[in-house]
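Protein chains in written order, with the numbering used here: chain A, 1 to 289; chain B, 290 to 460.
Where is the CB? At the ideal position from N, CA and C, for every residue including glycine.
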């Protein structure tokens, strides 16, 4: 049927009005999501976990080529520097033999003192190994996704480490994936101890490679090169895990260079010391009492 | 199945392609790159994608698609829910209405437009993030991401231009 000529501009005007209204409605919806997403974080968490679960096998496949290229490049670098590395390793081996002797002596002394004091040992840790399949870069969020979740006994709050030191902690857990909040994330805060003064502090991320120490307690002198380890305060983290070294001390505060470089993350280990943390996570995750 | 049915399926897939490419960009942006320093310069891939298609084919990348890409990115990346949806809607809203202005203009003008829109997107996201998370991200890091976005746009634009030409040729 032929449409009356007068109706065409009216239909166009109506369509334009509808499109503008739809655009405004979407803007309002996005703003509402932003506001309500903060009010009820559990819904957002559940959405994130479900999407991460669904996409983690795909991320696993997509991340393989970059891992392969990175491994090849690393092998090539190793080949080029093999002589220099050999010299360094021989020197390091000589020093480590010296420290091994000292450590054996201290271990024997430690165990005899423990038996004298009837010392109760801490809980035994269990480990879960997982592969990093995706990462969030940029100035706003620093996190990675791993291919292990609830079915692998991953729990929220578990410490995540590599052979070098602490990487971060488990922030969200899905069935077969989990999100790790890196130490460098702006929302990361962990209790630490500065060796050798045993000064306690909170290590905070700043979305860059360097970390910051705040709320220093103890008042001992702090100098560049001091080692930072985790503290068991608030039962949030297992104690004595290596974190980094003090890289600068100045008026702007104490900065820390972490031992782990996030660009190298491929495999991580999750440590379960059976710690509950400061939050009631059992009720949240549905873990058995 | 009749040829008309397959023709409809083909048209439907074609119409979804710009949006699907932006979803793919959101996913690919999360693949570990393992390059030293990349985490600091991560560009805004979805802003680039939405920017290109909002100028080139706003009929194939509607506001609801920009919104969906934004929410998907929020959920995937772990940003506050709604923040990227709002940013991408603004990008789309600013560019889609200017399609006549961009028609027939060289790519340099498109690049210049991305420079302006990406700057605004960075600023909006930075302010919204500060309001929602109650913490200010260092502005120089946001600026580095912005520069990377502008620098990489021609490469992505070249790929998208090929896709657009293929869509026009076979459409």
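For this session: List the residues of chain A whose Cβ lies closer than 7 Å to the Cβ of residue 331 of chain B, in chain order.
Result: Taking the second chain and counting its residues from 1, the one referred to as residue 331 of chain B is at position 42. Chain A residues near residue 331 of chain B: 137, 138.
For this session: Please compile the residues from chain B whose C-beta is within a distance smaller than 7 Å of the C-beta of residue 141 of chain A.
Result: Position 141 of the first chain, counted from the first residue, corresponds to residue 141 of chain A. Per Cβ cutoff of 7 Å: 366, 367, 368.
For this session: Using three-state DSSP, classify residue 255 of chain A as helix, strand or coil.
Result: As a working note, residue 255 of chain A is residue 255 in the first chain. Looking at residue 255 of chain A - three-state DSSP - the assignment turns out to be strand.
Exercise. Given a limit of 9 Å on CB to CB distance, which residues of the segment 312-331 of chain B reach chain A?
Worked result: 316, 317, 318, 319, 320, 321, 322, 323, 324, 325, 326, 327, 328, 329, 330, 331
For this session: Could you tell me which uninterrupted beta strand (DSSP E) segments, each at least 3 residues in length, are contained entirely in the segment 126-199 of chain A, listed from first to last along the chain?
Result: 126-136, 143-146, 159-161, 166-173, 178-182, 189-194
Exercise. What number of angstroms, rounded off, separates the C-alpha of residue 448 of chain B from the C-alpha of residue 338 of chain B?
Worked result: Here residue 448 of chain B is taken as the residue at index 159 of the second chain, counted from 1. Here residue 338 of chain B is taken as the residue at index 49 of the second chain, counted from 1. Distance between the alpha carbons of residue 448 of chain B and residue 338 of chain B: 11 Å.
Exercise. By how many angstroms is the C-alpha of residue 268 of chain A removed from the C-alpha of residue 146 of chain A?
Worked result: Residue 146 of chain A sits at position 146 when you count from the first residue of the first chain. Residue 268 of chain A sits at position 268 when you count from the first residue of the first chain. Taking the straight line from one Cα to the other gives about 8 Å.
Exercise. Hey, would you say residue 34 of chain A sits closer than 8 Å to residue 441 of chain B, going by beta carbons?
Worked result: Counted from its first residue, the first chain places residue 34 of chain A at position 34. Counted from its first residue, the second chain places residue 441 of chain B at position 152. Taking 8 Å as the Cβ cut-off, residue 34 of chain A and residue 441 of chain B do not qualify as a contacting pair.
Exercise. For residue 410 of chain B, which residues in chain A fall below 9 Å Cβ to Cβ?
Worked result: Locating residue 410 of chain B in the second chain gives position 121, where the first residue counts as 1. Residues of chain A passing the Cβ test: none, with the nearest at roughly 12 Å.
Exercise. Under 7 Å from any heavy atom of the ligand ZN, does the C-beta of residue 402 of chain B make it?
Worked result: This structure lacks the ligand ZN, and indeed carries no ligand of any kind.
Problem set entry | Residues, ordered as in the chain, of the segment 342-364 of chain B that lie near chain A by beta-carbon distance below 9 Å | 351, 352, 353, 355, 356, 359, 360, 361, 363, 364
Problem set entry | CB of residue 198 of chain A within 8 Å of CB of residue 219 of chain A, strictly | As a position in the first chain, residue 198 of chain A is number 198, starting the count at 1. As a position in the first chain, residue 219 of chain A is number 219, starting the count at 1. Contact: no.
For this session: Please name the residue in A:226, A:84, A:185 whose C-alpha comes closest to that of residue 422 of chain B.
Result: Indexing the second chain from 1 puts residue 422 of chain B at position 133. Ranking the options by Cα distance to residue 422 of chain B, first place goes to A:185.
Exercise. If you check the beta carbons only, do residue 180 of chain A and residue 152 of chain A fall under 8 Å apart?
Worked result: Here residue 180 of chain A refers to the residue found at position 180 when the first chain is read from its first residue. Here residue 152 of chain A refers to the residue found at position 152 when the first chain is read from its first residue. Result no, Cβ atoms of residue 180 of chain A and residue 152 of chain A do not sit closer than 8 Å.
For this session: With DSSP as the reference, please indicate the residues paired to residue 244 of chain A in a beta bridge.
Result: Start at 1 with the first residue of the first chain, and residue 244 of chain A comes out as number 244. Per DSSP, A:228, A:258.
For this session: Classify residue 409 of chain B as helix, strand or coil using the three-state DSSP reduction.
Result: In the second chain, counting from the first residue as 1, residue 409 of chain B sits at position 120. It is helical.
For this session: Could you please give the first and the last residue of the uninterrupted alpha helix (DSSP H) stretch that includes residue 235 of chain A?
Result: The count along the first chain starts at 1 and reaches residue 235 of chain A at position 235. It is not in any alpha helix (DSSP H) - residue 235 of chain A carries neither H nor E in the DSSP assignment.
For this session: Quickly, what does DSSP pair residue 37 of chain A with across the bridge? List them, please.
Result: Mapped onto the first chain, residue 37 of chain A falls at position 37. DSSP output for residue 37 of chain A lists no bridge partner at all.
Exercise. Which term fits residue 42 of chain A, buried or exposed, when burial requires 16 or more other beta carbons within 10 angstroms of its beta carbon?
Worked result: The sequence position of residue 42 of chain A within the first chain is 42, counting from 1. By the neighbour-count rule (16 or more Cβ atoms within 10 Å), residue 42 of chain A is not buried but exposed.
Exercise. Residues in its own chain within less than 8 Å of residue 241 of chain A by CB, not counting five upstream and five downstream?
Worked result: On the first chain, residue 241 of chain A is found 241 positions in, with the first residue counted as 1. So the qualifying residues of the chain are 159, 161, 165, 166, 229, 230, 271.
Exercise. Within 8 Å (strictly less), CB to CB, does residue 337 of chain B reach chain A?
Worked result: Within the second chain, numbered from 1, the residue matching residue 337 of chain B stands at position 48. False, the Cβ-Cβ gap to chain A never drops below 8 Å.
Exercise. Looking at chain B, which residues of the segment 54-68 of chain A have a Cβ within less than 9 Å of any of its Cβ atoms?
Worked result: 55, 58, 59, 62, 63, 65, 66, 67
Exercise. Taking three-plus beta-carbon pairs below 8 Å as touching, is the segment 417-433 of chain B in contact with the segment 318-325 of chain B?
Worked result: no
Exercise. Skipping 5 residues on each side, what residues in its chain have a beta carbon closer than 6 Å to that of residue 60 of chain A?
Worked result: Position 60 of the first chain, counting from 1, holds the residue named residue 60 of chain A. Taken in chain order, the residues that qualify are 133, 147.
Exercise. If you draw a straight line from the alpha carbon of residue 371 of chain B to that of residue 89 of chain A, how long is it in whole angstroms?
Worked result: Mapped onto the second chain, residue 371 of chain B falls at position 82. Mapped onto the first chain, residue 89 of chain A falls at position 89. Using only the alpha carbons, I get a separation of about 51 Å.
For this session: Determine the contact status of residue 140 of chain A and residue 426 of chain B, defining contact as a CB-CB distance below 8 Å.
Result: Along the first chain, read from residue 1 onward, the residue named residue 140 of chain A stands at position 140. Along the second chain, read from residue 1 onward, the residue named residue 426 of chain B stands at position 137. Result yes, Cβ atoms of residue 140 of chain A and residue 426 of chain B sit closer than 8 Å.
For this session: Answer yes or no: does any C-beta atom of chain B fall closer than 8 Å to that of residue 284 of chain A?
Result: Start at 1 with the first residue of the first chain, and residue 284 of chain A comes out as number 284. Only weak support exists for where residue 284 of chain A lies, its pLDDT of 47 falling under 50; the value from the coordinates is given anyway. Residue 284 of chain A does not count as touching chain B.
Exercise. What residues of chain A sit near residue 391 of chain B, judged by a beta carbon separation below 9 Å?
Worked result: Against the second chain, residue 391 of chain B aligns to sequence position 102. None at all; the shortest Cβ gap to chain A is about 19 Å.
For this session: Starting from residue 372 of chain B, follow the alpha helix (DSSP H) in both directions and report where the run begins and ends.
Result: The residue labelled residue 372 of chain B in the question sits at position 83 within the second chain. Start and end: 372-385.
For this session: Note down, in chain order, every chain A residue with its Cβ under 7 Å from the Cβ of residue 374 of chain B.
Result: Start at 1 with the first residue of the second chain, and residue 374 of chain B comes out as number 85. The contacting residues are 30, 33.
Exercise. Can you name the residues of chain A whose CB is closer than 9 Å to the CB of residue 403 of chain B?
Worked result: For the purposes of this step, residue 403 of chain B is taken as the residue at position 114 of the second chain. Within 9 Å Cβ-Cβ: nothing; residue 403 of chain B doesn't reach chain A, min ~17 Å.
Exercise. By the criterion of Cβ-Cβ separation under 7 Å, what are the contact partners of residue 70 of chain A in chain B?
Worked result: If you number the first chain from 1, residue 70 of chain A lands on position 70. Ordered by position in chain B, the residues that pass the 7 Å Cβ test against residue 70 of chain A are 323.
Exercise. With distances taken between CB atoms, is the gap from residue 226 of chain A to residue 245 of chain A smaller than 8 Å?
Worked result: As a working note, residue 226 of chain A is residue 226 in the first chain. As a working note, residue 245 of chain A is residue 245 in the first chain. Yes, the pair counts as a contact, with Cβ atoms nearer than the cut-off.
For this session: Would you kindly work out how many angstroms separate the C-alpha atoms of residue 71 of chain A and residue 378 of chain B, rounded to a whole number?
Result: Position 71 of the first chain, counting from 1, holds the residue named residue 71 of chain A. Position 89 of the second chain, counting from 1, holds the residue named residue 378 of chain B. Rounded to the nearest angstrom, the two C-alpha atoms are 40 Å apart.
Problem set entry | Anticipated Cβ contact below 8 Å, residue 23 of chain A with residue 359 of chain B, distance rounded | For the purposes of this step, residue 23 of chain A is taken as the residue at position 23 of the first chain. For the purposes of this step, residue 359 of chain B is taken as the residue at position 70 of the second chain. Actually they do not touch by this definition, with Cβ atoms about 13 Å apart.
For this session: For residue 262 of chain A, decide whether its Cβ has a neighbour in chain B, counting only Cβ atoms nearer than 8 Å.
Result: Taking the first residue of the first chain as 1, we reach residue 262 of chain A at position 262. Residue 262 of chain A counts as touching chain B.
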